[in-house]
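To start, the structure under review is shown below, and the notes come after it.
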Amino acid sequence: MLEGIYLALDELFGPMLKSTHPMWVVTVAGIILGAFFVFLNYVFVDQEKMKRLQKMAREFQEEFKKARESGDEKKLKKLQQKQLEILRMQNELMKDAFFKPMLISWPIIIIFWGWLRRWYFEVAIVKYPFNFFLFDIFHKMYHSALRPDELGYFGWYFLTSYVVGSVLRKILDMA
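When we follow the numbering used here, the leftmost residue of the sequence shown carries the number -11, and every step to the right adds one.
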C-alpha cells in the first residue's frame, strides 16, 4: 500500500529528486509539511479561546504568587479551586488542539518520512563547520554512518518545519 504512495511521490517530485541537492528536497518537504500542520492547527483550534486561557493562566500565576508571598491561606485555597477550573479548560482545549490535527497529520508525517528515508537514509544533508556533541551521541547511539558534523534528512526536515511553523504562527497571530 505504501509503495504505491511512494511511487506517486517519486512521480510528483522525481525531477526535483534527480536534479537538485538533497538539502533542497528536504527543505521543500519541511516547508510544505510545516505550513500544512500550522494550517491544520489554525483551522481546528479556537485561537481566541486559546488566547483567553493563556491570559487567565498568567493572571492566576500572578495572583497565586502574591497570595503565597503574603501568606494568605484563605486566598490560596480559593485559588486552588480556580486552578482546577483552569486545568479543566486547558485539558478540553488541548484535546481539540491535538486530537483532530494529529489524526490527520500523523499518517502524512509517517508517509513523508518513510519516503524521504528511501532516498536519503545515511545521506549527509547538511555539513556543519564544527562537530556538535549531541549529533555525535545520536549517531553513535543509532550506529549511524554520519559524522558528528553532518545532519541527515530527519534532523534537517525537523529544523526546516520548525522554523516555517514558528514564522507562520507568528504571522497568523496564533496562541
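Idealized CB from N, CA, C, for every residue including glycine.
From a predicted model like this one, the values you see are computed outputs, not experimental measurements.
List the endpoints of the continuous alpha helix (DSSP H) containing M(-11).
-> Counted from its first residue, the sequence shown places residue -11 at position 1. Looking at the DSSP string, M(-11) is not in any alpha helix (DSSP H), and its letter there is neither H nor E.
**Item:** C-alpha distance - L156 paired with L28, whole-angstrom precision
**Value:** On the sequence shown, position 168 is the one that residue 156 refers to. On the sequence shown, position 40 is the one that residue 28 refers to. Going from the Cα of L156 to the Cα of L28 covers about 12 angstroms.
(request) My understanding is that A85 touches V16, with C-beta atoms under 8 angstroms, so please give their C-beta distance in whole angstroms. (result) Working through the sequence shown from its first residue, we reach residue 85 at position 97. Working through the sequence shown from its first residue, we reach residue 16 at position 28. Actually they are not in contact, since the Cβ atoms of A85 and V16 sit about 27 angstroms apart, beyond 8 angstroms.
Check your understanding: So who's on the other strand from K115, going by DSSP bridges?
Key -> On the sequence shown, residue 115 is found 127 positions in, with the first residue counted as 1. According to DSSP, K115 bridges with E138.
Exercise. Taking only the alpha-carbon atoms, compute the straight-line gap between Q42 and M4 and give it to the nearest angstrom.
Key: Along the sequence shown, one-based indexing puts residue 42 at 54. Along the sequence shown, one-based indexing puts residue 4 at 16. Cα-Cα distance, rounded: 43 angstroms.
For S149, count neighbouring C-beta atoms within 10 Å of its own C-beta (all shown protein chains included) and say buried if the count is 16 or more, exposed if not.
Here residue 149 is taken as the residue at index 161 of the sequence shown, counted from 1. Answer is buried; the Cβ neighbour count reaches 16.
**OP:** Would you be able to state if there are at least three C-beta pairs under 8 angstroms between the segment 8 to 15 and the segment 106 to 114?
**Re:** Output reads yes: the segment 8 to 15 touches the segment 106 to 114.
Mind checking which residues open and close the alpha helix (DSSP H) that includes F100?
Taking the sequence shown and counting its residues from 1, one reaches residue 100 at position 112. It spans E61 to Y108 - the alpha helix (DSSP H) in which F100 sits, taken as one unbroken run.
CB contact flag (W103, Y(-6), <7 angstroms) | Locating residue 103 in the sequence shown gives position 115, where the first residue counts as 1. Locating residue -6 in the sequence shown gives position 6, where the first residue counts as 1. Yes. Within cutoff.
Pick helix, strand or coil for L160, following the three-state DSSP scheme. Mapped onto the sequence shown, residue 160 falls at position 172. L160 falls in the coil class under three-state DSSP.
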